[in-house]
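Engineer:
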Amino acid sequence: MRALSGVPGTVWRDAVLMNVMILLVSISYGAIAHAAGFPLWQTVLLAAVATGGAAELTFVGVIAAGGLPIFAVMGGLLVNARNFAFGLSIGQYAPPGWRTYLAAHLANDEATAFGRAGRTDREKWSRFSISAVMLFIAWVGGATLGQLLGSVVDANSLGLDTALPILLFCLVVNDLRDRLLGITAVGGAVLALALTPVAPLGMASVAALVALLPAAGYLHMRRRPVDGEGV
0 MRALSGVPGT VWRDAVLMNV MILLVSISYG AIAHAAGFPL WQTVLLAAVA TGGAAELTFV
60 GVIAAGGLPI FAVMGGLLVN ARNFAFGLSI GQYAPPGWRT YLAAHLANDE ATAFGRAGRT
120 DREKWSRFSI SAVMLFIAWV GGATLGQLLG SVVDANSLGL DTALPILLFC LVVNDLRDRL
180 LGITAVGGAV LALALTPVAP LGMASVAALV ALLPAAGYLH MRRRPVDGEG V
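Residue numbering for the sequence shown follows numbering that gives the first Met the number 0, starting at 0 and increasing by one per position.
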């Protein structure tokens, strides 16, 4: 709690505004799950345990299309594989102990990007904590509401497929000013766009992580000692 005492009001405001959008997405997810025949308890349990919107929508989508549950689970796990990169980012500033494990469960696109906007490790952790807890509440609550509203909500009419990428771009735009990060992000985006028409649902964004490999190799080469150095 002490870490949150000095958080500016603008951070709380931005976190609330971001999670209003998340709430709408989760309502859409709940409505889709309802249409696919999922009972309320399964929808809410999945929202609380998986806490990965893309993975949950993939899981529900496969089931709704008549796919086997094992393929739905595998698809969700593959889509959530990007959380490995989120964990590496959060691990740089997360305090040790039980909070690290809690952060691993709450890690997601929006909270990770929101945290990275901080200037110090403490500020990054505060921003991540605030947004991640809010997002968990909004996601589970919205999924419940979407299930209860059922067929009243048209999941395709909210335009969230456009709004969410814009939201994420706004959260990471400062990072993109770094030349290497900007080039890597563009490479990943091009790769994702190229694979979207042919890749399974949600897998294009996971495959785009391949763009990190050249960047990692470049950084490794830069940090290698020059021949003869240190002898």
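From the three backbone atoms N, C-alpha and C, an ideal C-beta is built for every residue, glycine too.
Note that the structure is predicted; figures quoted are calculated from it, not measured.
Would you tell me roughly how many angstroms separate the C-alpha atoms of V230 and A215, rounded to the nearest one?
Structural biologist: For V230, the pLDDT reaches just 43, beneath the cut-off of 50, and the residue's location in the model is therefore unreliable, leaving the point undetermined.
Engineer: Do A103 and W86 come within 8 Å of each other at the CB atom, strictly closer than that value?
Structural biologist: It is worth fixing the name first, because residue 86 is Gly in this sequence and not Trp. Taking 8 Å as the Cβ cut-off, G86 and A103 qualify as a contacting pair.
Engineer: According to DSSP, is D174 helix, strand or coil?
Structural biologist: Helix.
Engineer: Work out the CA separation of A116 and N173 for me, nearest whole Å.
Structural biologist: Using only the alpha carbons, I get a separation of about 8 Å.
Engineer: Quick one: give me the first and last residue of the alpha helix (DSSP H) that G29 is part of.
Structural biologist: Start and end: 8–34.
Engineer: Using three-state DSSP, classify R81 as helix, strand or coil.
Structural biologist: Looking at R81 - three-state DSSP - the assignment turns out to be helix.
Engineer: Would L105 pass as a contact of F135 if the rule is Cβ separation under 8 Å?
Structural biologist: Cβ atoms of L105 and F135: closer than 8 Å.
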